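Under our numbering, the sequence shown has 70 at position 70, and the numbering climbs by one with no breaks.
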Amino acid sequence: MCAMTVSYDRLWKLLIDKKMKKVDLMKKAKISSNALAHLGKNESVSIVVIGKICLALDCTPNEILEFYNE
1 MCAMTVSYDR LWKLLIDKKM KKVDLMKKAK ISSNALAHLG KNESVSIVVI
51 GKICLALDCT PNEILEFYNE
């Protein structure tokens, strides 16, 4: 069985393009510091967190994350 890993590198690039800091994202998307910490470690977060980020940044999930096989 293959394990899937998530990468949020696209999210960090998008924040740079929008001249936003992680704390700005946390406030605008109304996500917790705990969720932000999970994102920073490329760990899984709930679809609710992904949805809040997408609404705040006016983007799709495909623009902020990607999955790959380990």
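All C-beta atoms, glycine included, are put in the ideal place defined by N, C-alpha and C.
Small disclaimer: the values here were computed from a predicted structure and weren't measured.
For E63, write down the residues that DSSP places opposite it in a beta bridge. Bridge partners of E63: none, in fact.
Applying the 10 Å Cβ sphere with the 16-neighbour rule, what's the burial state of V45? buried
Judging by CA-CA distance, which residue of V49, H38, L65 and I64 is the nearest neighbour of V29? Here residue 29 turns out to be Ala, not Val, going by the sequence shown. In terms of Cα proximity to A29, the closest of V49, H38, L65 and I64 is V49.
With 16 other CB atoms within 10 Å as the buried threshold, where does Y8 fall? When all chains shown are included, Y8 counts as buried.
Cross-strand partners of N69 (DSSP beta bridge): M4
Quick one: using the 10 Å Cβ neighbour count with 16 as the cut-off for buried, is I47 buried or exposed? exposed
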